[in-house]
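A.B. asks:
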Amino acid sequence: MMICPQCGYERKKSDDIIRATECPKCGIIYDKYKYSPDGGKTENLTSHSEKHNDVAEDKKKIPIEKLVIYAGIVVVLIILLHAFAITPLINYLKNKQNTNGLKSDISSPMENPTTVNDSNQVMRGNNSSDSEHGQSRKELSVADIIRMNKDSVVVVKTSAGIGSGFFINRDGYIVTNKHVLQSTSRTEIKTSSGKVFQIRQIVQEDLDADLVIASTDAPAQESKPVQINAGLPESGDKIIVIGNPLGLEQTVSDGIVSAVRRNNKSIDFIQITAPVSAGNSGGPLLNMQGEVIGVATFQYRTGQNLNFCVAASRIIALQQGLQSSSAHSSSGMEQQTPQGREVYCYADNGGQVFFVDWRTSMQISRPDGSLDRVKYEKWVLEQIGGNPDTINPEKEARDDVEKNREQLFKSVFPHRSINDGNLTAAEKDWLERRYNRHYVEVYNQWMARRNDAVRKYNSMMNEFDRFNASRR
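Quick note on numbering: our numbering labels position 396 of the sequence shown as 826, and the sequence is numbered without any gaps.
And the structure:
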């Protein structure tokens, strides 16, 4: 039988009508009380149960906190593992796969029959592979490319004018156009820092490609060489030109590659949309990795934004001591052009004529393949502004004096009329000397113009005669 811990009442069978957990006498709930160890007093079991629950909850809290800490450690370990192990491993496998693919293309040329039969396709095919492989190379910003190359680009100053050039080694050697640096007499370069150094001599030249390598007095610390990429770009590739157009130093222009063309002397020219002007000649053409892929050389005056650069492969040939002009003569490459092939021509900013097999505004070949000298001569006269024989400096000077006689009179006697007949002998002599001085000035201007036209005419006609002789 149940004995109440509170009042000591012994539960009887007749008390079954009352809940078995409740004392019939004092009404306590047995489960909420227990015997106290100090003399039979009871304590509230509910509070004890609550304490027990609190302790259990505290015990539960400890594993949860530890679990959070362990989870954080695991997350950090996963991040570190991904950054320093998994990602480098993936990049290594990708690069290895790309390298294997490129080596496969190069080592198996016979898989593509066209690369054997067409030398032009050989170069373009390799460039295509290089381009696909080069997509993984980082493309620099324009600002980064300028910072990378501005100290390499120089102003080339000659007695004839200003051009551009760039260092190719620490020995002070520069590359520029032949038409910019005809000789080393009274020539110098100016670096981006404003320092001026003398040009010593032309050490290599490529007349066909209009390129020269010249040595200068620039020390190693001032001679920052460019990086050269001899591969040809693809049409649509973005490019940058740095030069000194019209004397505006370190001018930057950008654009894209319009096309890659080859003339009858197997010289590759890169046609670009980047604006270039007189003074840009000899400056570097850069890809978006900051590498020199060409040299700005000429533009079409008759077209709009038609600018051309010699491919950088010619620089490599010069650096190796190969003179393309003699190489062409010894190998007979000029004779490879069929007599029936169409021939066109163009002139650069310096008046140098180039004969090519791709279409320009001037075709000089007849249907049978022979060259039309009369037609070419008419074109030359248009280029130089007319026939030099029609320029009469004496007549031009006399006409100019008559045209400006009153203005000349006013320059001597600003407050008198040209019809004033009261001039003294001394005044008339003074006025006559003023007329004669103006006559001499105009005469010299027209004489210089005629001499320049004669020089250009003879030079351009001689170019035609040499080219025509090489085809026979």
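Note that beta-carbon positions come from the ideal geometry of N, C-alpha and C, so glycine has one too.
According to DSSP, is E635 part of a helix, a strand, or is it coil?
C.D. replies: Here E635 sits in strand by DSSP.
A.B. asks: Name the residue from C437, Q701, G724 whose alpha carbon lies nearest to the alpha carbon of I672.
C.D. replies: Minimum Cα distance to I672 is reached at G724.
A.B. asks: If you reduce the DSSP assignment to three classes, tell me which class Y873 lands in.
C.D. replies: Of the three classes helix, strand and coil, the one that applies to Y873 here is helix, per DSSP.
A.B. asks: Excluding the 5 residues preceding and the 5 following L811 in the sequence, name in chain order all residues of the same chain whose CB lies nearer than 6 angstroms to its CB.
C.D. replies: Around L811: N817.
A.B. asks: In terms of DSSP beta bridges, what is Y603 paired with?
C.D. replies: Answer is S645, bridged to Y603.
A.B. asks: Buried or exposed: which applies to H609, given that a residue is buried once 16 or more other Cβ atoms fall within 10 Å of its Cβ?
C.D. replies: That one is buried.
A.B. asks: Relative to the alpha-carbon of N607, which residue among V642, R616, E618 has its alpha-carbon at the smallest distance?
C.D. replies: Comparing Cα positions, the closest option is V642.
A.B. asks: With distances taken between CB atoms, is the gap from T372 to I598 smaller than 8 angstroms?
C.D. replies: One cannot answer for residue 372 here, as it falls past the ends of the chain, which runs 431 to 902.
A.B. asks: For I700 versus L715, is the C-beta spacing smaller than 8 angstroms?
C.D. replies: The answer is yes: Cβ separation under 8 angstroms.
A.B. asks: Answer yes or no: do L570 and G685 have a C-beta to C-beta separation smaller than 8 angstroms?
C.D. replies: No, Cβ-Cβ distance for L570 and G685 is not below 8 angstroms.
A.B. asks: Which complete alpha helix (DSSP H) runs does the region 633-719 hold, if anything under 4 residues is left out?
C.D. replies: None, since the region 633-719 contains no complete alpha helix (DSSP H) of that length.
A.B. asks: Measuring alpha carbon to alpha carbon, tell me which residue in Q729, Q657, N693 is nearest G780.
C.D. replies: When only C-alpha atoms are compared, the closest one is Q729.
A.B. asks: Taking the alpha-carbon positions, what's the N674 to K668 distance?
C.D. replies: Distance between the alpha carbons of N674 and K668 is about 20 angstroms.
A.B. asks: Does the region 772-786 touch the region 685-698, meaning 3 or more C-beta pairs lie closer than 8 angstroms?
C.D. replies: Contact holds: three or more Cβ-Cβ distances are below 8 angstroms.
A.B. asks: Could you name the residues of the same chain whose beta carbon sits closer than 7 angstroms to that of R896, not counting the 5 residues immediately before and after it, in chain order?
C.D. replies: Hits under 7 angstroms: none found.
A.B. asks: Secondary structure at S589, three-state DSSP: helix, strand or coil?
C.D. replies: Three-state DSSP puts S589 in coil, outside helix and strand.
A.B. asks: Below 8 angstroms on the Cβ atoms is my contact criterion, and I expect D906 with T727 to pass it. Report the Cβ-Cβ distance as a whole number of Å.
C.D. replies: One cannot answer for residue 906 here, as it falls past the ends of the chain, which runs 431 to 902.
A.B. asks: How is L570 classed by DSSP in three states: helix, strand or coil?
C.D. replies: Three-state result, L570: coil.
A.B. asks: Where are the alpha helix (DSSP H) runs, 4 residues long or more, that stay fully inside the region 789-828, in chain order?
C.D. replies: If we require 4 residues or more, the alpha helix (DSSP H) runs fully inside the region 789-828 come out as 803-813.
A.B. asks: Exposed or buried, N892, counting other C-beta atoms within 10 Å across all chains shown (16 or more means buried)?
C.D. replies: Its Cβ having fewer than 16 others within 10 Å, N892 is exposed.
A.B. asks: So the candidates are P435, G457, Q436; which of them puts its Cα closest to the Cα of D445?
C.D. replies: Nearest C-alpha to D445: G457.
A.B. asks: So, with DSSP's three-state summary, where would you put G724?
C.D. replies: Strand.
A.B. asks: Tell me N737's beta-bridge partners as DSSP assigns them.
C.D. replies: Paired residues: I702, Q729.
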